[in-house]
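Protein chains in written order, with my numbering: chain A, 453 to 829; chain B, 453 to 829; chain C, 453 to 829.
Set out below in structure tokens:
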């Protein structure tokens, strides 16, 4: 984040910066036919503390832990090496606990998502080990895009009594149009995951309709005996001045033992936003994801900040299993960025679920309203 | 704390400061008729790491986590906005995980309490969700007092499967006398809490006779079926030169379902201290609580530090339930402040308990000796 | 670590420095007759965040927590006082959560061990409460050695319902030869631990053959009814130019109730290393342990860094119990220090175990290969 100073050693050999996020939410749901889904809850979307540093011009490291559920959840923790290959061409290699490079919103940090929760493409077309894994990720960057390859074992834990599951992820994005006020974004990605016996549960319980209602999920119930997952997706979008659009789609095949057919997940979404204050969308052309916006007239300089109106439709289906599920959500929202790292967010979501497992089965729909305030430093 | 530097950005727009506490205790109890209460234990009263910052002149944030039980316990974590209304009149509004503004010692930080544990008014006349909740707290400050209103849900956690309990707290203090060496302090406060079905346990197990003896408690046993709590209290005290006195009293009514009578808690205490080194008590007139003292002659400048002798009587009763309990404690203590943020503390406590639930029933009494060293930074 | 700046207050009264470590491993084992031991796993050896500070010239403090198992594990957390007694003679006293001063490698930090795991002398000749305890440790330092005494209760936790176990540890080291390029190191240490009823389990499950294979242990199974432990050991080693050798041996007697004989543990090891880049071994003559090396030509200044080849033999035996165990390991390794605080490490281990408890019984042997990258800041 830009909200904290960078410290340098006297001889300039190393630098250091604290890092953190405080993102707090309140959510209320109405209209479900189930009382147990009409909840009002509070929660922290992220509550992080950490630091990042550099040694010389090539070595860098970062470590951040999340405390938002009143427990430790190590997020990014790595050591990396970066270098230039040629003008406009550079690379880095990072080793440690790494965040997936996978899907446009899936690759966007929790402090930069345009909505309160990521699209179902990012939350459902995912390795079973989820957003993080311990391993190695080389990345190549050129002027109009990047590509990455990730090989990891399990996420960080204290259990070394069985071999790790193994995941390979690749992603690339390309900007065939890239001018000061216009960008066209194309992205593809995929992953393959091998599951060890005893570490092979495939049950899903995916958020739809806002993050902080624990009863509002698309659920498959327990599915055991997985042997692996393969997923892939595509991204198409961009911006022209203050208007942006992003379409994402993906599919996941989860393989099961004993000759059972693959458990298939399909997801797609179309999102967009418009900055009524004229600011450009916070597109990061190096990583092909959203980052922190450059606010033209920050509140702290007497301006109005940046105000963005947003909309999204997303659709998710779990199929080819005994207890399939499907659902969709439509979201209208607004973001008010006081400056590049302080923001308010409201989302109004109409959601529609059809589960066959769990206690909230059958067709159900309702509305969720969520408000957020966040600072990244 | 004052023990760490404040960092400013080059343009002065934001500032940042690490925060933390290390407070370590050893406690020994003798004289109980139960061997299981005559314990010698070590413990950390607080072990905190965090940071605070400002952006511009209005926005501020803070995040601190406690690790004293070798687990995460998020304490303060908020984003706030402050402003002046008129000369001598200002306000702030904070959103996030907030510490109760409730009772004089209950509003005093763990690094500033005059005794090893807060008075039973602060630890027993309390919402069931305890010292912290996730929500919003506006506060108004004038030259001779302040008032606050707090609305929160549950404390921070990872469970959003049921609606949050809801708590409203208000407190105000007033200094009818406020001169450089004399202050008269009046305070009132109250709270109302609504409990959700399934989150309605009212059992209490309140420390009396020092913090770090887990067997030395006033206990009600399990009480389920609570529907809400209402509590209120008053504070009367102040200081004249190096001598301070503070009386607190409060009562809590915990409502039960099925027409049962309220479970009533009554508590009161009288505390006082005298700085034999002539320092003024560490009264914070803005918040109406204790803070860090201004030590006239710190040890680090070759002085004796500030030395304070303290005494307290406190009385607690749980009544109108099947298993009532009552007890009192008398404490003699001394605090040696090396400077404003490093201190030693010893407390000798004679305690007297009468439980009807749990394994330590009947009349019992004994002595607890506790020693502490702490640094706040 | 040296990888971060030290901050000073304007008047020089206090200083402050963030601290941390990121040490990440990958390990693979082959050749065991048990499939359950032929594992490939990832793990973080250490993932720490903390800070240290001073107030004036005498008072210092430190607090560091480890998150490497995706949970909190408070490591060092203390407040200390240091002073000079005479030229070449000084002392400090620390109160809080303290790391054992016990054995050469046992006293070496996780970021400075010459191999991926400490010698079995350090991991097996140990109080039952393990590496940390809450208490007090005075240390005396003279020009050619140091001595320490430690008295602690349990490690830091949230349980004060029973009295703490009590441990006393002492260690001294002496350098009869100490010149710029030659050091002879002699060390002795011992401990005595008293166990409380109900906190008296003596079962051991000690790593042999690398740290991150949870199935590769010397195991005693459950042993309950311990009343205390007594252990002692000796260290003999030193360096001449870039070559170092260190021999350690120790024995532990764990006392059992009901007249059972002592459960005896015996361990010894011989280790050595050679810096082919000519650097001196990272011996810390003040503490009698390894610390961070002074790299002659760091990679960040265009040099090769420091490259060290290492070897170790270690032997461990659990005896005089119903289910004894024995094993040994021989390790060849290499360390590449990019600078004083960034390093790569590889270890190739041939191990040999003979358990009579657990599921991996009988004679077994195999090979473990482990690689590590670490940064300390």
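Positions of the beta carbon are idealized from the N, C-alpha and C atoms, including for glycine.
Asked	Found
Residue 769 (chain A) beta carbon less than 9 Å from that of residue 777 (chain A)	yes
Segments assigned alpha helix (DSSP H), at least 4 residues, entirely inside the segment 594–649 of chain B	none
Residues sharing a beta bridge with residue 399 (chain A), DSSP	Lying before the first or after the last residue shown, residue 399 (chain A) is absent from chain A, which here runs from 453 to 829.
C-beta neighbour in chain C for residue 825 (chain B), strict 9 Å	yes
Span of the beta strand (DSSP E) around residue 782 (chain B)	777–791
Proximal chain B residues relative to residue 615 (chain C), where beta-carbon distance stays under 7 Å	491, 492 and 493
Contact set for residue 512 (chain A): own chain, Cβ-Cβ below 6 Å, skip 5 residues either direction	506 and 532
Residue 827 (chain B) and residue 473 (chain B) closer than 9 Å at C-beta	yes
Where the beta strand (DSSP E) containing residue 573 (chain B) begins and where it ends	Unbroken run through residue 573 (chain B) is the alpha helix (DSSP H), 572–576; no beta strand (DSSP E).
Distance between residue 820 (chain A) and residue 489 (chain A) (C-alpha atoms, nearest Å)	10 Å
Residue 527 (chain A) versus residue 483 (chain B) - alpha carbon distance	49 Å
Residues that residue 795 (chain C) bridges to, as DSSP identifies them	C:789 and C:826
Which of helix, strand or coil DSSP assigns to residue 478 (chain C)	strand
Per-residue contacts from residue 503 (chain B) into chain A (C-beta, under 9 Å)	456, 470, 472, 501 and 829
Test item: CB-CB of residue 574 (chain A) and residue 704 (chain A) under 9 Å	no
Residue 727 (chain A): first and last residue of the uninterrupted beta strand (DSSP E) it sits in	715–727
Any 3 or more C-beta pairs closer than 8 Å across the segment 715–730 of chain A and the segment 586–599 of chain A	no
Contact belief for residue 804 (chain C) with residue 779 (chain C) at Cβ below 8 Å, rounded distance in angstroms	6 Å
Within chain B, partners of residue 794 (chain A) - CB distance below 8 Å	507, 511 and 531
Opposing strand residues paired with residue 538 (chain A) [DSSP bridges]	A:541
Under 9 Å from the C-beta of residue 600 (chain C): neighbouring residues of chain B	Within chain B, no residue comes near residue 600 (chain C); the closest Cβ sits about 18 Å away, beyond 9 Å.
Contact list for the segment 764–795 of chain B against chain C, Cβ threshold 9 Å	790, 791, 793 and 794
Check whether residue 849 (chain B) and residue 522 (chain A) have beta carbons under 9 Å apart	Absent from the structure is residue 849 (chain B), since the part of chain B shown begins at 453 and ends at 829.
Partners in chain A for residue 524 (chain B), counting only beta-carbon separations shorter than 7 Å	519, 522, 523 and 524
Residue 498 (chain B) and residue 520 (chain B) closer than 9 Å at C-beta	yes
Exposure of residue 707 (chain B), with buried meaning 16 or more beta-carbon neighbours within 10 Å	buried
Collapsed DSSP secondary structure at residue 709 (chain C) in the structure displayed	coil
Residue 688 (chain C), enclosing beta strand (DSSP E) - first and last residue	678–692
Secondary structure of residue 747 (chain A), DSSP reduced to three states	coil
Neighbour-count burial assignment, residue 631 (chain A), 16 or more Cβ in a 10 Å radius	exposed
Beta-carbon proximity of residue 789 (chain A) to residue 757 (chain A), cut-off 9 Å	yes
Exposed unless 16 or more other CB atoms sit within 10 angstroms - verdict on residue 617 (chain A)	buried
Three or more C-beta pairs below 8 Å linking the segment 579–589 of chain B and the segment 551–561 of chain B	yes
C-beta neighbour in chain C for residue 488 (chain B), strict 9 Å	yes
Cβ pair residue 637 (chain A), residue 698 (chain A) closer than 9 Å	yes
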